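Residue numbers (my numbering): 698 to 1075.
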Ligand SMILES: *Cc1c(COP(=O)(O)O)cnc(C)c1O
């Protein structure tokens, strides 16, 4: 159904159609047009320190990143449990095994303590993990300082799944620039979109070059088709890159608008019993891709699901937080280090409409449903 207030919708009020006309005029729609390189240059300039390869999805970026980190069949890879399945699926594509780690309550992302427990436990079993997949959930930076210290101590590289965190910063640096490799997604409802798209970032030029090579069928630079390795068809096309460039030009604006949406929810729901927002540490600035809250049913008298249904009836789209991967049937039997932190977040949380073009009136409409639901309870 079409929602009156969707969860997160893109806004194309910049150069998108202008660039699209240029792409069509050039006749280069595939992976060979001028916008691909322009998009990559702009992206690496925004992120500083890192170079970027534009790809056709965040998932393919994660897949290539794991290959570039040397992950092979039979290896183990540590992965944050509280995330979208695409953080872990590529581990399985490679015949490797995900080992899930629970979250902490300060950021809802991977707990550094549990990460270290997991590493020590796996090493004691003779199974040193090949990589650590950390996620910045809903745009909120993970505790990267602690996680990078652990990564160095045990010499295990970090793959930073910054799919949801384009434009977020931690200690003044862009998310996506902390790991040996960082990954972005530009899927349809992310903070900026190329329709479908992703990027792989690294400050290691050889990784970036190899990623580009593997993403274009591992073609050697010869007048005929010569292949020394198995490659992939993972490159971003020129149409997507044109839209991406226009979206990137207004990334800062997108972030400040989403942050304003989050701030207004905080103000409107202040004093409302039993509502808690995803916390933001002093060293972090989330892009607030999605505004998320926890509902303490004992205080509100209604659950996240009850609220979801009430909002749905008013044409307002919400979504539960990601169901932890260690609780997903498809990952049944996977190793998990932690307790019930991410599970509890999942059971009480909900994502509110967060599009950059929400008006104050729209947000008040959302909050009025909270008030109506509460007064029914009292
Ligand atoms: C969206 C997302 C991905 C996958 O990106 P796609 O571009 O949809 O393939 C990976 N990880 C996380 C955390 C995501 O939210």
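Glycine included, each C-beta is placed from N, C-alpha and C at the ideal position.
These figures come from a predicted structure and were not determined experimentally.
Beta-ladder partner(s) of residue 807, from DSSP: 800
Nearest-angstrom Cα separation, counted from residue 920 out to residue 1029: 49 Å
Residue 796 CB to nearest heavy atom of ligand 1 below 6 Å: no
The region 851–870 in contact with the region 724–734 per 3-pair CB rule at 8 Å: Output reads no: the region 724–734 does not touch the region 851–870.
Residue 831 versus residue 777: straight-line alpha-carbon distance, rounded: 6 Å
Beta-carbon proximity check, residue 720 vs residue 930, cutoff 7 Å: no
Beta-carbon spacing of residue 865, residue 895 below 7 Å: no
Closer than 6 Å: residue 832 CB and nearest ligand 1 heavy atom: yes
Cβ-Cβ separation, residue 804 to residue 842 (assumed contact under 8 Å), whole Å: 12 Å between Cβ atoms; not a contact.
Residue range of the unbroken beta strand (DSSP E) whose run includes residue 895: Unbroken beta strand (DSSP E) run through residue 895: 895–899.
Distance between beta carbons of residue 883 and residue 891, contact taken as under 8 Å: 4 Å
Per-residue DSSP class, three states only, for residue 873: Three-state result, residue 873: coil.
When 1011, 990, 1066 and 1061 are compared against residue 1048, the one with the closest alpha-carbon: Among 1011, 990, 1066 and 1061, the Cα nearest to that of residue 1048 belongs to 990.
Same chain only: Cβ atoms within 7 Å of residue 826, ignoring 5 sequence neighbours per side: 773, 774, 775, 796, 816, 819 and 853
Close Cβ partners of residue 1019 (< 8 Å) along its chain, the five nearest in sequence each way excluded: Within the same chain, 779, 780, 781, 834 and 1043 come within 8 Å of residue 1019 by CB-CB distance, once the 5 residues on both sides are set aside.
Check whether residue 708 and residue 1054 have beta carbons under 7 Å apart: Going by C-beta atoms, residue 708 is nearer than 7 Å to residue 1054.
6 Å CB neighbourhood of residue 913 in its chain, flanking five on each side removed: The residues are 932.
Rounded separation between residue 967 and residue 741 - CA only: 38 Å
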